[in-house]
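Report on the structure given below.
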Amino acid sequence: MKCFLSFFLFCILFVSWCHAQCYIIATEGTSEAVRKTRRKNPLLGTWSEWHRGCKALDGIMHPFRSEWMTKNCYKCQCNEDGIQCCNVAIKPIDVDEKNCLSFLNKATCIYQVLNKEDPTKSCQVKTWIG
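This is the structure we're talking about:
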């Protein structure tokens, strides 16, 4: 029984890990490569900006070893290798699309699934990913 429970827990964690919605804006390994890459891509910032931290997609500079939340519910981290952002909103994927509508509340980063005819009623969701 313990073996079965361990396997079940592993499967849940593995599925969650596989469905993680992340992106990375990486820097190159060497200083010269970083300089060349940053000259070509303005989103990565200038060489002098790179010494201070990371330039996010919205143009805001973030210091190394900092974390922030984007307006689209991505939690981002800046380190010397670049920026990593992962979606924190758990998304409904098994919804009755004929009768229900799902939307992301960006203030809370939580999806709500409501009945189209009566938005005061929630709809059942069988499967979520995130």
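What the sequence shown shows, in mature numbering (1 follows the signal peptide of the UniProt record, and there is no 0), is residues -20 to -1, 1 to 110, in sequence order.
Beta carbons are placed, not taken as given, at the ideal position from N, Cα and C, and that holds for glycine.
Cβ pair residue i, residue j closer than 8 Å
i   : j   : result
K71 : Y91 : yes
S46 : C58 : yes
N95 : N85 : no
Cross-strand partners of residue i (DSSP beta bridge)
i           : result
G110        : None; G110 has no bridge partner.
N59         : G62
residue 111 : The structure shown does not extend to residue 111, since the chain is modelled only from -20 to 110, so the question has no answer here.
A36         : A36 pairs with nothing; no bridge assigned.
Delimiting residues of the beta strand (DSSP E) encompassing residue i
i   : result
N67 : G62 to N67
L81 : C80 to N85
Q92 : I90 to N95
E47 : S46 to M49
C2  : C2 to A6
When the options are compared against residue i, the one with the closest alpha-carbon
i   : options                 : result
K98 : T107, T88 and L81       : Just to set this straight, residue 98 is Asp in the shown sequence, not Lys. For the residues T107, T88 and L81, the minimum Cα distance to D98 belongs to L81.
Y3  : I73, K51, W108 and I63  : I63
M49 : C89, G39 and D61        : C89
D76 : A87, K51, Q104 and T100 : Q104
Q1  : F44, I73, D74 and N67   : N67
A69 : N52, D61 and C56        : N52
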